[in-house]
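Visitor: In this note's numbering, the protein residues as written are 1 to 185.
Ideal placement from N, C-alpha and C gives every residue a C-beta, glycine not left out.
Values in this document were obtained by computation on a predicted structure and should not be read as measured data.
1. Name the two residues that bound the continuous beta strand (DSSP E) containing residue 52.
2. Tell me which residues share the same chain as residue 16 and place their Cβ nearer than 6 angstroms to its Cβ, disregarding the 5 neighbours each side in the sequence.
3. Please classify residue 73 as buried or exposed, where buried requires at least 16 neighbouring CB atoms within 10 angstroms.
4. Taking 8 angstroms as the cut-off, does the stretch 26 to 40 touch the stretch 77 to 89 (at least 3 CB pairs, one atom from each stretch)?
5. Using DSSP bridges, identify the partner residues of residue 8.
6. Compute the Euclidean distance between the alpha carbons of residue 59 and residue 124, then round it to the nearest angstrom.
7. By a C-beta neighbour count over all protein chains shown, 10 Å radius and 16 as the cutoff for buried, is residue 18 buried or exposed?
8. Using 10 angstroms around the beta-carbon of residue 103, count the other beta-carbons present and answer buried if the total reaches 16, otherwise exposed.
9. What residues in its chain sit with their C-beta under 7 angstroms from that of residue 62, if we drop five residues either side in the sequence?
10. Using a Cβ-Cβ cutoff of less than 8 angstroms, which residues in the same chain neighbour residue 99 once the five nearest sequence positions on both sides are dropped?
11. Excluding the 5 residues flanking residue 70 on each side, which residues of the same chain have their C-beta closer than 6 angstroms to its C-beta?
12. Below 8 angstroms on the Cβ atoms is my guess for residue 110 versus residue 126; work out the distance and round it to an integer in Å.
13. Roughly how many angstroms separate the alpha carbons of residue 186 and residue 52, rounded to a whole number?
14. May I have the straight-line CA-CA distance separating residue 88 from residue 49, to the nearest angstrom?
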C-alpha cells in the first residue's frame with residue numbers, strides 16, 4: 001500500500017483555538033482525541049502535513065521560537081506512537097500581504113506536493129474555517145470541515161467552496177477517512 005498525503009489545519013483541528021492567537025506554547029492545548037485521530041490516520045497509510053496560517057508571528061504576537069516549540073510539542077505527543085507529522089507549513093504573512101501561501105490560497109499544499117513529489121488532487125484536507133476548505137478545494141483536495149474550531153454553526157452552507165463532509169471533530173473525521181479509504185481499496 002502506498003502512503004497518501006493528508007492535510008490538516010492546526011488551531012481548531014489539532015488543538016483548541018483561542019483568541020486572538022495560540023501565541024505561546026503554554027496556550028497550546030491538544031484536544032483529548034488528537035493523538036488517537038492522528039495515529040489512526042497514520043496506521044491507515046496517510047502521510048500527515050500541517051498547513052497553518054500564523055500571522056501572529058508577523059504581528060509580533062507569536063515569537064517564532066514559540067511557533068517552533070509548538071511544533072515540537074505536537075511531534076513529541078505522537079512520536080511515542082511511531083510516527084511524526086511529515087512537515088509543518090506555516091504562513092506567517094499578514095492577511096493584507098496577499099501571500100501565495102496564505103489560505104485560502106493553496107500555496108502551502110502545492111509546495112508540499114512539489115517538495116514531496118505527489119499530486120494533491122483527491123487527497124483529504126481537514127480544517128475548521130472557510131479558508132481551509134477553499135484552499136483544499138483550489139488544490140483539488142477533498143475538503144472536510146470539523147466544527148471543533150471556529151465554524152460551529154451552519155454558515156458553511158453559504159460558502160463558495162463547500163466542504164465535502166462536516167464532522168464534529170478530528171476524531172470523527174479520521175474515522176470516516178479511514179473507512180472511506182478502506183472501502184476504496
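Guide: In short, the structure shows the following:
1. Taken as a continuous stretch (DSSP letters only), the beta strand (DSSP E) holding residue 52 covers 46 to 53.
2. These residues qualify, in order along the chain: 29.
3. Around the CB of residue 73, fewer than 16 other CB atoms lie within 10 Å, so the residue is classed as exposed.
4. Judged by Cβ distances under 8 angstroms, the stretch 77 to 89 makes contact with the stretch 26 to 40, as three or more pairs qualify.
5. DSSP lists 50 and 126 as partners of residue 8.
6. Those two C-alpha atoms are separated by around 30 angstroms.
7. With fewer than 16 other CB atoms across the displayed protein chains lying within 10 angstroms of its CB, residue 18 is exposed.
8. Burial of residue 103 is indicated by the presence of at least 16 other C-beta atoms within 10 angstroms of its C-beta.
9. Cβ neighbours of residue 62 beyond the five flanking positions: 21, 23, 54 and 56.
10. The answer, listed in chain order, is 91, 93, 105 and 107.
11. For residue 70, where only same-chain residues beyond five positions count, the Cβ hits under 6 angstroms are 25 and 28.
12. The Cβ separation is near 18 angstroms, so there is no contact.
13. A question about residue 186 goes unanswered here, because the residues of the chain that appear run from 1 up to 185.
14. Cα-Cα distance, rounded: 6 angstroms.
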